[in-house]
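Visitor: Attaching a single structure in C-alpha cells format; questions to follow.
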Amino acid sequence: MAGVDTPIPLVVAAMGPRALQATGELADGTLPFLAGPKAIRDVIVPTIAAAARKAGRVAPRVIAAVPAVITDDVDAARAAAYSAGEFYDHIPSYQRIIAASGHERAGDLFLIGDESTVLAGLQEYLDAGATELTITQADLVGDDARARTWASIGAWHTDGAH
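What follows is the structure, given as C-alpha cells:
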C-alpha cells in the first residue's frame with residue numbers, strides 16, 4: 007500500500023470452511039469467537055494451514071477470542087454466560103462451531119471459575135493451536151471480577167507460565 011511502511015495485518019473473523027480457506031490463502035489470521043479448543047485443533051488450524059500451504063504461504067495466526075471470567079460466584083457467572091450467549095445459539099454458523107467444540111450452547115464455552123480453572127482453560131486454547139488469545143466478557147459479573155480476571159491473566163502472561 008502506497009505510503010505505508012508496515013503492512014497492516016488482515017485478520018478475518020472466519021469459522022466456516024470457505025471463510026477459513028480464504029483466510030489461509032489471503033489473510034494474516036483469523037479471530038474465531040466461541041470456537042473452543044477442540045474446534046481450533048480439529049477444524050480451524052488444519053483448514054487454514056492447508057489452504058496457506060496450497061497458496062505457498064505460512065499458516066496464518068489464530069487469535070482465539072475467549073470469553074473468560076475469574077470469579078467465586080460461578081453459578082451467577084454461568085447464568086450470565088447463558089444469557090449473553092443465547093443470541094449465538096440461534097445463528098447457524100455459530101451453532102456449527104459450538105458443536106465442533108463439543109458443546110451445545112454458547113454459554114458452555116465461557117471459561118468461568120477460579121484462577122487455576124480459567125488459566126488451565128486458556129492453556130488448552132494455546133495447546134490446541136491458537137497463536138494468540140484475546141479475552142472477552144471479563145465483566146460478565148461486574149467490575150471486581152473483570153479486574154481480577156485481567157490481573158490474573160496478565161500475571162500469567164507476564165510470568166510466561168504457559
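Each residue of the sequence shown is one higher than the last, beginning at 7 in my numbering.
Note that CB positions come from ideal geometry on N, CA and C, so glycine has one too.
Owing to the predicted nature of the structure, the values given are computational and were not obtained by experimental measurement.
Does the Cβ of T77 have 16 or more other Cβ atoms within 10 Å, making it buried, or fewer, making it exposed?
Guide: Position 71 of the sequence shown holds residue 77. T77 comes out buried.
Visitor: What are the start and end residues of the beta strand (DSSP E) that includes A70?
Guide: Within the sequence shown, numbered from 1, the residue matching residue 70 stands at position 64. Run containing A70: 67-76, per the beta strand (DSSP E) assignment.
Visitor: For the ligand NAD, is there any heavy atom lying closer than 7 angstroms to the beta carbon of A87?
Guide: Here there are no bound small molecules, and the ligand NAD is not part of this structure.
Visitor: Could you name the residues that DSSP lists as bridge partners for V80?
Guide: As a first step, residue 80 is located in the sequence shown; it is residue number 74 there, counting from the start. V80 pairs with nothing; no bridge assigned.
Visitor: When you compare only the Cα positions, how much space is there between L26 and A112?
Guide: Here residue 26 is taken as the residue at index 20 of the sequence shown, counted from 1. Here residue 112 is taken as the residue at index 106 of the sequence shown, counted from 1. Their Cα atoms are separated by approximately 20 angstroms.
Visitor: Checking 8 angstroms against the spacing of the C-beta atoms, do L146 and V72 come in under that value?
Guide: Along the sequence shown, read from residue 1 onward, the residue named residue 146 stands at position 140. Along the sequence shown, read from residue 1 onward, the residue named residue 72 stands at position 66. Contact flag unset, no.
Visitor: Return the CA-CA distance between A83 and L32, expressed in angstroms with no decimal places.
Guide: Along the sequence shown, one-based indexing puts residue 83 at 77. Along the sequence shown, one-based indexing puts residue 32 at 26. Cα-Cα distance, rounded: 38 angstroms.
Visitor: Give me the Cα-Cα distance between A57 and R24, rounded to the nearest whole angstrom.
Guide: One-based indexing of the sequence shown puts residue 57 at position 51. One-based indexing of the sequence shown puts residue 24 at position 18. Cα to Cα, the separation comes out at about 10 angstroms.
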